[in-house]
Structures are given as structure tokens and as C-alpha cells.
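A short worksheet on the structure shown next.
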Amino acid sequence: MKKRLFSGIQPTGEVHIGNYLGAIKNWASLLDSYECIFSIVDYHAITVPQDPKAMPQQILHVATVNIAAGLDPKRSIIFLQSQVPEHTELAWIFHTLTPLGHLERMTQFKDKARQHRENINAGLFSYPILQAADILLYKAEVVPVGEDQVQHIELAREITRKFNARYGNLFPEPQELLSTAPRIMGLDGKTKMSKSLNNYISLTESPEDIWKKLSVAVTDENRKKRSDPGNPENCNVYSLHKHFSSPEEIDWSANGCRTAGIGCLECKKCLSDNIVRELKPIREKALALFEDPAYVVEVLKSGAERCQEMARQTMREVKEAIGLRVSAKRR
Ligand code: TYM
0 MKKRLFSGIQ
10 PTGEVHIGNY
20 LGAIKNWASL
30 LDSYECIFSI
40 VDYHAITVPQ
50 DPKAMPQQIL
60 HVATVNIAAG
70 LDPKRSIIFL
80 QSQVPEHTEL
90 AWIFHTLTPL
100 GHLERMTQFK
110 DKARQHRENI
120 NAGLFSYPIL
130 QAADILLYKA
140 EVVPVGEDQV
150 QHIELAREIT
160 RKFNARYGNL
170 FPEPQELLST
180 APRIMGLDGK
190 TKMSKSLNNY
200 ISLTESPEDI
210 WKKLSVAVTD
220 ENRKKRSDPG
230 NPENCNVYSL
240 HKHFSSPEEI
250 DWSANGCRTA
260 GIGCLECKKC
270 LSDNIVRELK
280 PIREKALALF
290 EDPAYVVEVL
300 KSGAERCQEM
310 ARQTMREVKE
320 AIGLRVSAKR
330 R
């Protein structure tokens with residue numbers, strides 16, 4: 000029996016190479032080793048204001064790009080979170096087990112609360128509880144994510160232990176699984192690559208736009224002139240080479256930088272060509288799938304149907320465990 004794996008992505012903005020290297024590429028490589036369930040987590044997305052008119056398109060966009068990037072619907076389940084209402088039902092039960100202090104410690108909450116001072120809502124605060132429910136509803140044991148999600152998975156483990164201690168052993172403790180690129184920095188070289196900051200390269204970016212963005216990406220800021228030697232360890236372009244370029248090109252980039260043998264622009268051009276090559280099949284597949292939204296809608300619908308069965312079964316067990324199932328039978 001294969002272990003079950005669960006992961007999710009928010010349908011907000013573009014899917015970028017940080018999502019790809021930190022999560023999606025890893026997901027695609029695990030399809031045959033685990034029983035895989037992937038969710039487009041729209042209920043998470045609405046913890047910050049979204050445009051209701053744009054949302055359906057956003058959901059389809061993110062689902063499409065994920066399929067194009069390797070999530071094969073024949074070898075995994077892909078579904079929309081809000082189509083399986085048991086997610087929020089289980090989340091409510093987990094609310095009653097989660098100390099406020101644990102939520103206050105979450106760095107993602109602190110960051111988002113800083114970014115959205117005008118809308119620090121309760122959903123933003125209890126976001127990781129819904130995430131724990133996503134995973135445990137399917138009793139998933141493995142959760143492949145980027146580094147920014149590790150704290151949330153730790154909280155999911157704490158909720159699991161609390162539930163099991165109070166009501167009996169129902170859930171396995173989920174473990175995060177990091178890729179070899181758990182934290183990709185943005186093109187500003189200073190902050191994590193993120194949909195909400197304009198510091199990313201998206202998976203469907205045109206070759207021209209990839210080059211336009213990379214040509215102004217921040218490199219080692221101490222290398223002021225072409226003739227200055229640089230330090231590749233302080234350069235995000237060099238870090239990206241490690242994920243897109245051949246071993247020879249990675250050495251070429253590091254040595255050329257240290258000896259001022261190559262300029263930053265030359266180094267970026269090589270990286271740009273390699274990113275364009277890796278993203279080409281994804282972009283082509285996505286552009287073709289954008290023309291066939293009915294296929295993607297059907298993938299999500301049949302995914303939700305398969306999830307629904309598992310979710311109902313888990314909720315029956317949960318309600319039984321906490322004493323919420325009544326029957327007229329005499330005991
Ligand atoms: P989200 O939508 O922000 O990101 C999706 C995945 O991409 C990873 N990621 C990165 N990895 C490396 N470098 C980066 N710069 C980078 N940016 C994003 C994220 O770590 C994530 O794995 N809360 C989650 C969604 C979620 C979820 C879940 C995940 C909801 N329920 C249950 C796992 C299990 C989120 O906001 O991901």
C-alpha cells in the first residue's frame with residue numbers, strides 16, 4: 000500500500016518558479032511513489048481580499064498551470080478545496096483543540112498581518128488550522144512543501160497529537176517533505192519569491208519577458224563594475240543557475256564571477272536561456288490547456304467526487320470519536 004500524500008496551492012496570482020522548484024516539480028516526481036492528492040485551496044486564498052469576478056479565472060489558471068507543470072490527473076487527484084465542504088467542518092473541530100498562542104507564533108500570519116493591516120481577519124489567524132484539516136481529512140502522512148510551510152505542518156502535528164490524545168488514535172502524524180530548493184529568493188535578491196511581490200518569473204512567462212526580468216535582476220551588490228570580482232554566494236542569479244543549468248555552466252558562472260572573467264549580463268543570458276528551455280514544454284502545454292477550460296473543470300469535478308468519499312468517511316470516524324453521532328438504538 001502506498002502512503003498518502005497531500006499538498007495545496009493558493010489560486011492567487013501567477014504560479015512562479017519558486018512554487019515550481021519548491022513544490023510542483025517535486026509533486027510531479029512523486030506521483031508514482033505515493034497516492035497523491037493536490038488541492039487548489041480557494042478557502043485559504045480568501046483570507047486576503049480577492050476580486051470575486053476574477054476568482055473563477057484565477058482558480059482555472061492555477062489548476063491549468065499545475066497540470067501543465069506535471070500534475071497528471073490520471074496519476075493523482077486534483078480538486079478545488081471549496082467543493083469538499085468537510086475541510087471547513089473538520090477545521091472547526093480542530094479550532095477547539097488549538098491554543099491561540101500557537102497561532103500567534105506563526106510567521107506567515109505575522110507577515111500577512113503586516114501586509115494587510117486593514118484586514119486582519121479571524122480567517123487569516125486560523126489559516127493553519129484549515130491547513131491541518133486539509134491534510135488530516137485524508138489521513139495524509141507526507142506533505143511536500145516549500146520551507147515557508149514547515150511551521151504550519153508542525154502545527155498540524157501538534158493538532159494531531161492533541162486529537163489523538165483526547166479522542167483516540169485516529170490520525171497519523173503528517174511529515175513535511177522538502178525539495179532540493181525549499182526557498183527560492185525573488186529577483187530582488189532580498190525577499191522570498193512570492194506571488195504578492197513583483198519579484199518572480201512565472202511558469203507561463205514568454206522568453207522575451209523572462210529575459211527582460213532577468214536582465215535587471217539584482218546580483219552581488221558589491222560587484223559594482225564589470226572588472227570587479229564578485230562573490231557568487233551573494234548572488235541570486237548564481238543560486239538560480241544551480242537549479243536550471245548544467246554542472247559545467249554552474250562552475251563557469253561561479254569561476255567567471257570570482258575572477259571577473261564574465262560579466263553579470265553574460266551570466267544572466269545563460270541562465271535565461273536555460274530557464275526558457277525548461278519552461279518551454281510547460282508553457283506550451285498551459286497555452287493549449289487554456290483553450291480547453293472544460294477539461295480542467297472536469298478534472299476538478301471528478302477530483303472533488305473522489306475526495307468527497309474519503310472526506311465523508313473521515314468525518315464519520317471523527318464524529319464517532321468525539322461522541323457526536325446519536326442513534327435511537329438502545330445501548
Ligand atoms: P502557496 O500557495 O503559498 O505555495 C504553494 C507551494 O509553493 C511553495 N513556495 C515556495 N517554495 C520555494 N521557494 C519559494 N519562494 C516559494 N514560494 C512558495 C510553498 O511552500 C508551497 O508548498 N498554505 C499553503 C497552501 C496549503 C497547503 C495545505 C499546503 C493549504 N493547505 C495543505 C500543504 C498542505 C500556501 O499558501 O502555499
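For the sequence shown, numbering that gives the first Met the number 0 puts the final residue at 330, and the numbers step up evenly by one.
Glycine included, every Cβ here is placed at the ideal spot set by N, Cα and C.
I'd like to confirm the pairing. Which residues does DSSP put opposite residue i in its beta bridges?
i	result
Pro143	Leu176
Arg3	Glu34
Phe78	Ser38
Ser201	His15
Ile8	Ile39
Met184	Lys191
Any heavy atom of the ligand TYM closer than 8 angstroms to the Cβ of residue i?
i	result
Gly185	yes
Met192	yes
Asn18	yes
Thr313	no
Gly145	yes
His242	no
Leu129	yes
Ala180	yes
Asp133	yes
Phe5	yes
Gln148	yes
His115	no
Ala67	no
Gln9	yes
Ile77	no
Ala22	yes
Pro126	A small fix is needed here, since residue 126 is Tyr in this sequence, not Pro. At least one heavy atom of the ligand TYM is nearer than 8 angstroms to the Cβ of Tyr126, so yes.
Ile209	no
Ile152	yes
His331	Here the chain has residues from 0 to 330 only, and residue 331 is not among them.
His101	no
Ser38	yes
His43	yes
Whole angstroms are fine: how far does the CA of residue j sit from the CA of residue i?
i	j	result
Ser226	Asp250	19 angstroms
Gly122	Ala293	31 angstroms
Cys266	Ala27	29 angstroms
Ala164	Phe93	13 angstroms
Leu29	Ile152	19 angstroms
Arg276	Gln9	26 angstroms
Glu146	Asp133	18 angstroms
Leu278	Leu202	6 angstroms
Phe5	Val296	20 angstroms
Lys161	His240	43 angstroms
Thr313	Gln56	31 angstroms
Lys328	Gly322	15 angstroms
Val149	Glu220	30 angstroms
Val40	Gln82	10 angstroms
Val142	Asp31	15 angstroms
Ile58	Cys269	33 angstroms
Gly7	Ile23	10 angstroms
Phe170	Lys224	58 angstroms
Ile200	Ile274	10 angstroms
Ala62	Leu176	22 angstroms
Lys111	Gly69	30 angstroms
Lys52	Ser326	44 angstroms
Among the candidates the options, whose CA atom is the shortest distance from the CA of residue i?
i	options	result
Ser205	Pro280, Asn235, Ser75 and Asn230	Pro280
Ala303	Met0, Phe78, Lys73 and Thr218	Phe78
Ala216	Pro228, Thr203, Asn197 and Leu202	Asn197
Ala155	Leu202, Leu129 and Tyr166	Leu129
Thr315	Thr11, Val275 and Glu88	Position check: residue 315 holds Arg in this sequence, whereas Thr was assumed. Comparing Cα positions, the closest option is Glu88.
Gly21	Gly322, Val317, Gly185 and Gln56	Gly185
Glu117	Thr46, Val317 and Met309	Thr46
Pro228	Phe108, Gln107, Thr159 and Gly255	Gly255
Met192	His15, Arg3 and Leu99	His15
Arg331	Asp208, Gly260, Lys328 and Arg74	Outside the modelled stretch of the chain, which goes from 0 to 330, sits residue 331, for which no answer is possible.
Tyr33	Met54, Ala62 and Glu140	Glu140
Asn235	Trp210, Pro173, Thr190 and Pro84	Thr190
Lys109	Thr97, Pro127 and Thr95	Pro127
Ser124	Leu102, Lys138, Phe289 and Arg305	Position check: residue 124 holds Phe in this sequence, whereas Ser was assumed. The residue with the shortest Cα to Cα distance from Phe124 is Leu102.
Cys35	Met0, Val61 and Tyr19	Met0
His335	His86, Asn65 and Gly69	This structure cannot speak to residue 335, because the chain is shown only from 0 to 330.
His242	Ser178, Ser38, Gly100 and Leu99	Ser178
Leu288	Pro48, Glu247, Pro246 and His60	His60
Gly188	Tyr237, Thr159, Gly12 and His115	Tyr237
For the ligand NAP, is there any heavy atom lying closer than 8 angstroms to the beta carbon of residue i?
i	result
Thr95	The ligand NAP is absent from the structure shown, which contains only the ligand TYM.
Is there a Cβ from chain C that is less than 9 angstroms from the Cβ of residue i?
i	result
Val14	Among the chains of the structure shown, chain C does not appear; only one protein chain is present.
- prompt: Where in the region 250-324 do unbroken runs of the alpha helix (DSSP H), each at least 4 residues long, occur, reported from the N-terminal end onward?
  reply: 263-289 and 292-321
Q: Starting from the N-terminal side, write out each stretch of the alpha helix (DSSP H) that is 4 residues or longer and does not extend beyond the region 19-68.
A: 24-28, 41-44 and 54-67
**Continuous alpha helix (DSSP H) assignments of at least 4 residues falling wholly in the region 206-248** = 206-214 and 235-243
For this session: Write down every uninterrupted run of the alpha helix (DSSP H) in the region 69-132 whose length is 4 residues or greater and which is fully enclosed by it, in chain order.
Result: 85-94, 99-103 and 106-114
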